[in-house]
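Novice:
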Amino acid sequence: MNFRTWQVPTPDEKTVARLAAAIGAPGLLARILVARGLDSPEKAMAFLTQDAPLSDPFALKDMDKAVARILKAVDAGEAIVIFGDYDVDGVTATALLFEHLRGMGASVRCKLPSRDEEGYGLTVPIVESLAEKGFKLIITVDNGVSAVGEIKRAAELGVDVVVTDHHLPGAELPGAVAVVDPARSDDESPFKCLSGAGVAFKLCAALDGCPPEELLEQCGDLAAIGTVADVMPLVGENRTIVKHGLALLENCERPGLVALLEGCGLADKPVTAENISFALAPRLNAAGRMESAAAALQLLLCEDFEKAQDLTARLCQANADRQAAEQSILSEAEAQIAADPSRLRDRVLLVWGEGFHPGVIGIVASRLVEKYGKPTLVISVQNGEGKGSGRSVPGFNLHGAISACAPVLIRFGGHAMAAGLSVKEENIFALRRAINDYAAKEYPVLETPPLRLDAAVRLETLTVQDVESLAYLAPCGHENPAPVFFLPDAVVDGVFPVSDGKHVRLRLRQGGGSIFAVCFGTAPAQLAYQPGDRVDAALSLSVYEGKNGPQISARVRALRPAGLPDTAVRQAALYEAFNCGACLTEEEKRLLLPDRVHIAALYRLIRQGGVSADDLLPLLARMGAEHTGRTLVGLKALRQLGLVQVRRENGARRIAPAPVEGKKDLSAAPILKALEA
């Protein structure tokens with residue numbers, strides 16, 4: 000399971016009090032601001048009330064060249080094609096620039112690649128096809144900065160290319176007419192975190208020769224969707240773009256977005272960055288994952304509401320298909336792990352299967368990272384070739400690890416936290432071995448990053464006004480996350496099934512106060528805590544309108560036994576390292592090696608009624624958190640000897656006694672022998 004330390008900031012109380020008094024904010028909001036470094040009235044008010052100015056588009060390197068070439072094409076009536084990408088950022092960037100050029104009277108068309116057939120970015124066949132169709136200018140959005148050979152081929156065919164992108168360039172820039180990318184090493188623009196849609200937005204402002212703020216009312220909604228969907232930092236200029244874009248979405252006039260909001264159940268409701276992340280973006284992305292991104296582009300550009308409703312229904316169905324495919328692959332991955340538990344001893348988890356839908360394997364990799372806390376690759380095998388998508392954890396450079404496996408790969412790319420690859424089916428086992436050999440050498444002990452919390456709360460003093468004040472932090476997202484709070488030493492006062500047992504709602508009591516908190520995706524049988532247990536809870540807070548007026552509600556982000564010390568997590572990381580073959584010192588081995596008394600106590604506890612296999616923290620707390628390493632080793636020894644087993648009960652995984660004949664010799668357990676060697 001995924002063991003994490005919890006980090007709770009302890010800001011200076013005098014600073015918090017002074018800031019609260021100076022800006023008239025509730026103490027809870029002031030505490031969060033101070034913890035995030037906004038510890039003066041000037042910093043806090045600038046963040047809460049002021050929009051960061053949008054920098055001059057011409058500060059971007061090559062913007063002048065891009066504008067000159069595009070205006071020349073518009074004036075001459077040249078055929079222009081916008082080449083985008085199949086994800087939300089690429090689709091919104093394409094729609095945004097297409098609308099603008101069409102409004103200027105340009106002869107312009109759009110081209111989005113097929114994820115399955117063409118893959119990401121410009122290819123030589125695509126360039127040759129566009130040239131054959133008579134296009135004289137290709138404008139890339141959200142791609143192109145790495146297309147060196149492809150753009151060289153375009154030049155040979157007499158086709159000019161203007162690149163607009165936001166990804167890191169390689170060692171060589173393409174020989175395009177212009178390469179507009181804030182990630183260029185020689186770019187001196189002040190804001191480096193624009194999305195692909197954000198760069199396209201700046202290009203439109205440059206084409207108009209107006210301050211970019213003037214364009215926010217025209218296309219800020221599309222720029223905001225692309226920015227949030229691509230998980231760009233919601234700071235600085237992005238915060239300004241998204242704030243204005245969300246306001247546009249709440250009073251939306253685009254038929255396509257009106258229909259999409261309606262299809263998501265958000266019509267006539269406040270729209271948040273979270274709504275984009277979890278409602279709008281998945282549906283727009285589903286088109287490119289499951290069929291063609293053209294459907295998403297058509298929806299954004301649609302001017303007929305009835306047609307927009309039909310397209311929305313199509314995207315909602317594609318999203319449902321995506322969810323089903325994702326769950327199918329996830330179930331198969333879990334079955335593979337259950338059938339071959341040795342995979343969990345790997346530092347990098349690999350699962351693969353025939354016919355896994357390539358459009359969703361990245362999502363499945365993310366789910367497995369969340370569950371197991373280790374870098375993960377999911378590979379879809381078709382016709383003897385595997386296409387893989389990987390996700391990592393902070394501190395582990397996945398691209399570096401995959402690069403070390405280049406001899407067994409066909410191709411690969413990506414960055415530290417996410418990567419893709421192609422591999423011959425017969426080389427998948429070699430890939431598993433190579434990447435784990437690399438990880439063992441470079442990352443002998445890999446601790447899961449901490450759960451970062453914003454502030455501790457006490458239920459007796461928490462007010463509706465406190466929680467309502469958190470709205471001033473919006474829009475929330477990457478680098479400006481929605482706050483998560485630490486509720487220490489609460490009692491589980493009740494456990495209630497929700498939505499036919501798909502979720503569970505807890506009543507948590509602390510001192511003289513109580514709160515209801517929902518654990519989404521956790522069935523009652525999967526919950527490792529019972530009424531009367533004392534827990535620490537990580538909670539997201541919100542306000543809803545109840546029968547008796549505004550009430551505070553909570554969503555559980557994490558639970559642990561009350562007061563669980565960080566030593567438990569460190570020992571769990573040490574156990575994981577040993578399990579993966581790391582060489583330990585004698586002192587480290589001593590921390591892990593249990594005696595017979597400890598193993599006997601562990602076995603008795605399991606025989607009393609079994610324990611959760613999905614959440615081992617309550618078991619570790621009962622056995623003594625300072626003995627976490629020994630408990631984990633003892634548990635593995637009992638499994639190796641066949642004394643305990645993991646079985647499913649009501650959809651939950653439980654560790655229970657196994658049928659045993661005769662006596663077992665504890666010293667025969669391989670893990671104990673290895674520690675004693």
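Read in order, the letters of the sequence shown are residues 0 to 676 in numbering that gives the first Met the number 0.
Just so you know, even glycine gets a beta-carbon here, dropped at the ideal spot from N, CA and C.
#1: How long is the line joining the alpha carbons of Asp207 and Ser106, rounded to whole angstroms?
#2: If I follow the unbroken alpha helix (DSSP H) through Tyr602, where does it start and stop?
#3: Roughly how many whole angstroms lie between the Cα atoms of Ile275 and Ser128?
#4: Exposed or buried, which one is Thr239 when buried takes at least 16 other CB atoms within 10 Å?
#5: Tell me the DSSP secondary structure of Thr163 in three-state form.
#6: Among Pro357, Arg366, Ala481, Cys475, which has the Cα closest to the Cα of Leu420?
#7: For the segment 82 to 141, list the alpha helix (DSSP H) runs that are entirely contained and at least 4 residues long, ordered along the chain.
#8: Do you know how far the Cα of Ala20 is from the Cα of Thr14?
#9: Would the segment 178 to 198 count as touching the segment 57 to 70 if we require 3 or more Cβ pairs under 8 Å?
#10: Can you check whether the CB of Asp61 is closer than 8 Å to the CB of Ala177?
#11: Do you know how far the Cα of Gln322 is from the Cα of Arg288?
#12: Let me confirm a value: Lys662 is counted as buried when at least 16 other C-beta atoms fall within 10 Å, else exposed. Which label applies?
#13: From the DSSP output, read off the bridge partner residues of Phe355.
#14: Using the Cα positions of Leu349 and Ala673, report the straight-line distance between them to the nearest angstrom.
#15: Quick check on the burial criterion: 16 or more other C-beta atoms within 10 angstroms. Buried or exposed for Glu587?
#16: In its own chain, which residues sit with a C-beta less than 7 Å from the C-beta of Pro254, not counting the 5 before and 5 after it?
#17: For Cys148, which residues in the same chain have their Cβ closer than 8 Å to its Cβ, ignoring the five residues on either side in sequence?
#18: Let's test the definition: count the other Cβ atoms within 10 Å of the Cβ of Tyr85 and tell me whether it reaches 16, buried, or not, exposed.
#19: Could you pull the start and end residues of the beta strand (DSSP E) that Leu507 belongs to?
#20: Between the alpha carbons of Arg451 and Gly133, how many angstroms are there, rounded?
#21: So is Pro480 buried or exposed if we call it buried at 16+ other beta carbons inside 10 Å?
#22: To the nearest angstrom, how far is the alpha carbon of Ala272 from that of Val596?
#23: Near Lys110, which residues of its chain fall below 8 Å by C-beta distance, leaving aside the five closest residues on each side in sequence?
#24: Where does the unbroken alpha helix (DSSP H) through Pro560 begin, and where does it stop?
#25: For Val392 versus Ala332, is the C-beta spacing smaller than 8 Å?
#26: So who's on the other strand from Tyr543, going by DSSP bridges?
#27: Kindly indicate which residue of Pro232, Lys151, Thr91, Ala278 has the alpha-carbon position closest to the one of Glu478.
#28: What do you get for Cys582, buried or exposed, if any count of 16 or more other CB atoms within 10 angstroms of its CB means buried?
#29: Exposed or buried, which one is Asn284 when buried takes at least 16 other CB atoms within 10 Å?
#30: What are the uninterrupted segments assigned as alpha helix (DSSP H) that are 4 or more residues long and contained completely in the segment 200 to 233, given in chain order?
#31: Of the residues Ala676, Asp267, Asn237, which one's Cα is nearest the Cα of Cys251?
#32: Can you tell me where the alpha helix (DSSP H) with Asp488 in it begins and where it stops?
#33: Where does Ala182 fall in DSSP's three states?
#34: Under a Cβ-count criterion, where at least 16 other Cβ atoms within 10 Å of its own Cβ denotes burial, should Cys203 be classed as buried or exposed?
#35: Give the secondary structure of Asn479 by DSSP, where H, G and I count as helix, E and B as strand, and everything else as coil.
Specialist: For this structure:
#1: Roughly 17 Å separates the two Cα atoms.
#2: Counted as a single uninterrupted DSSP element, the alpha helix (DSSP H) harbouring Tyr602 occupies residues 595 to 606.
#3: Cα to Cα, the separation comes out at about 35 Å.
#4: Flag for Thr239 reads buried.
#5: It is a strand residue.
#6: The residue from Pro357, Arg366, Ala481, Cys475 with its alpha-carbon nearest to that of Leu420 is Pro357.
#7: The DSSP assignment places 87 to 102, 123 to 131 as complete runs of the alpha helix (DSSP H) inside the segment 82 to 141, in order along the chain (cut-off: 4 residues).
#8: About 10 Å.
#9: Contact holds: three or more Cβ-Cβ distances are below 8 Å.
#10: Result yes, Cβ atoms of Ala177 and Asp61 sit closer than 8 Å.
#11: Rounded to the nearest angstrom, the two C-alpha atoms are 11 Å apart.
#12: Around the C-beta of Lys662, fewer than 16 other C-beta atoms lie within 10 Å, and the residue is accordingly described as exposed.
#13: Beta-bridge analysis with DSSP links Phe355 to no other residue.
#14: If you take the alpha carbons of Leu349 and Ala673, they lie about 25 Å apart.
#15: Per the 10 Å Cβ criterion, buried.
#16: Here the set comprises Cys301, Glu302, Asp303, Phe304, Ala307.
#17: This sequence places Gly at residue 148; Cys is not what is there. Cβ neighbours of Gly148 beyond the five flanking positions: Val123.
#18: Buried is the call here.
#19: Its beta strand (DSSP E) spans residues 502 to 509.
#20: Straight across, the Cα-Cα distance linking Arg451 with Gly133 is about 54 Å.
#21: When all chains shown are included, Pro480 counts as exposed.
#22: Ala272 and Val596: Cα-Cα distance of roughly 53 Å.
#23: Around Lys110: Val80, Ile81, Phe82, Gly83, Ile125, Leu129.
#24: Judged by DSSP secondary structure, Pro560 falls outside any alpha helix (DSSP H) and instead within the beta strand (DSSP E) spanning 548 to 560.
#25: For the pair Val392 and Ala332, the CB atoms are not nearer than the 8 Å cut-off.
#26: Beta-bridge pairing links Tyr543 to Gln550.
#27: The option with the nearest alpha carbon to Glu478 is Pro232.
#28: Its Cβ having fewer than 16 others within 10 Å, Cys582 is exposed.
#29: The C-beta of Asn284 has 16 or more other C-beta atoms within 10 Å across all chains shown, which makes the residue buried.
#30: Within the segment 200 to 233, the complete alpha helix (DSSP H) runs of at least 4 residues are 215 to 228.
#31: It is Asp267.
#32: No alpha helix (DSSP H) contains Asp488, which is instead part of the beta strand (DSSP E) from 484 to 497.
#33: Note: Ala182 maps to coil in three-state DSSP.
#34: By the beta-carbon neighbour count (other beta carbons within 10 angstroms, threshold 16), Cys203 is buried.
#35: When DSSP states are grouped into helix, strand and coil, Asn479 belongs to the strand group.
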